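J.:
Residue numbers (full-length UniProt numbering): 1 to 203.
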């Protein structure tokens, strides 16, 4: 009797934990729909994808400004590689797509990243990509050229305390146990660090 109950419980548990049943648990059954009950819809990945795409404003790419003769240059490349310049033309052959994008990269010095290659299917999409400027400046650098409000001041350079240069209070720091150590290779020569000696109390 116990063995039968054990097999029955295992089969029920395994049936519930299968991926098929686990997915179906997200939807309402017929009995629940007759009662007017409906389960919450499954979460979609669109907001998550948009959030991930909006992050990372500083990527490893160079700035790009579309040239004034962009359309005429692309039209000539389209004719040389594909023999046609209609923007609705689909790029089906992968060899032609490789030759086309290579020619565009050599012409403009700006290549399509691997993450966007699957979105390039027509000549119009190639034109749209090369007509979009790329700005690699950070939001902090953009504030340098913006007209800021009168009550807003942005300090762009670091202000590090050092006893040799800050002699207003006889080299006394407000944080006697904190050192200003510069660890980055980029700013080691630009900003001078200081190791604060900690004086232990005498007992």
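Glycine included, each C-beta is placed from N, C-alpha and C at the ideal position.
Owing to the predicted nature of the structure, the values given are computational and were not obtained by experimental measurement.
Mapping DSSP to helix, strand and coil, what is residue 81?
T.: For the purposes of this step, residue 81 is taken as the residue at position 81 of the chain shown. In this structure, residue 81 counts as helix in the three-state DSSP scheme.
J.: Can you tell me whether residue 185 is buried or exposed? The criterion is at least 16 other CB atoms within 10 Å of its CB, across all chains shown.
T.: Taking the first residue of the chain shown as position 1, residue 185 is located at position 185. Burial call: exposed.
J.: What do you reckon, are the CB atoms on residue 122 and residue 71 nearer than 7 Å?
T.: Within the chain shown, residue 122 is the residue found at index 122, counting from 1. Within the chain shown, residue 71 is the residue found at index 71, counting from 1. In this structure, residue 71 does not lie closer than 7 Å to residue 122 by Cβ.
J.: Taking the CB atoms as reference points, tell me whether residue 32 and residue 136 lie closer together than 7 Å.
T.: Position 32 of the chain shown, counted from the start, is the residue given in the question as residue 32. Position 136 of the chain shown, counted from the start, is the residue given in the question as residue 136. Taking 7 Å as the Cβ cut-off, residue 32 and residue 136 do not qualify as a contacting pair.
J.: According to DSSP, what are the bridge partners of residue 134?
T.: Mapped onto the chain shown, residue 134 falls at position 134. According to DSSP, which records beta bridges pairwise, residue 134 is partnered with 64.
J.: In this structure, does DSSP put residue 162 in helix, strand or coil?
T.: As a working mapping, residue 162 is identified with position 162 in the chain shown. Residue state, collapsed to three classes: coil.
J.: By DSSP, does residue 16 sit in helix, in strand, or in coil?
T.: Here residue 16 corresponds to residue number 16 of the chain shown, with the count starting at 1. For residue 16, the predicted structure reports a pLDDT of 45, less than 50, and the residue's modelled location is therefore unreliable. A value from the coordinates is still provided. In this structure, residue 16 counts as helix in the three-state DSSP scheme.
J.: Going by CA-CA distance only, name the one from 195, 36, 51, 68 that's closest to residue 231.
T.: Outside the modelled stretch of the chain, which goes from 1 to 203, sits residue 231, for which no answer is possible.
J.: Compare the C-alpha of residue 134 against each of 160, 167, 109 and name the closest.
T.: Against the chain shown, residue 134 aligns to sequence position 134. When each option's Cα is compared against that of residue 134, the closest is 109.
J.: Could you give the residue range of the alpha helix (DSSP H) that holds residue 142?
T.: On the chain shown, residue 142 is found 142 positions in, with the first residue counted as 1. Here the alpha helix (DSSP H) through residue 142 covers 139-142.
J.: Just confirm the distance between the C-beta atoms of residue 87 and residue 124, as a whole number of angstroms; I'd bet it's less than 8 Å.
T.: Counted from its first residue, the chain shown places residue 87 at position 87. Counted from its first residue, the chain shown places residue 124 at position 124. With 8 Å as the limit, residue 87 and residue 124 qualify as a contact, their Cβ atoms being about 4 Å apart.
J.: Could you work out which residue in 61, 104, 67 is closest to residue 79 when comparing CA atoms only?
T.: Mapped onto the chain shown, residue 79 falls at position 79. When only C-alpha atoms are compared, the closest one is 104.
J.: For residue 148, count neighbouring Cβ atoms within 10 angstroms of its own Cβ and tell me buried if that reaches 16, exposed if not.
T.: Stepping through the chain shown from its first residue, residue 148 is reached at position 148. Burial call: exposed.
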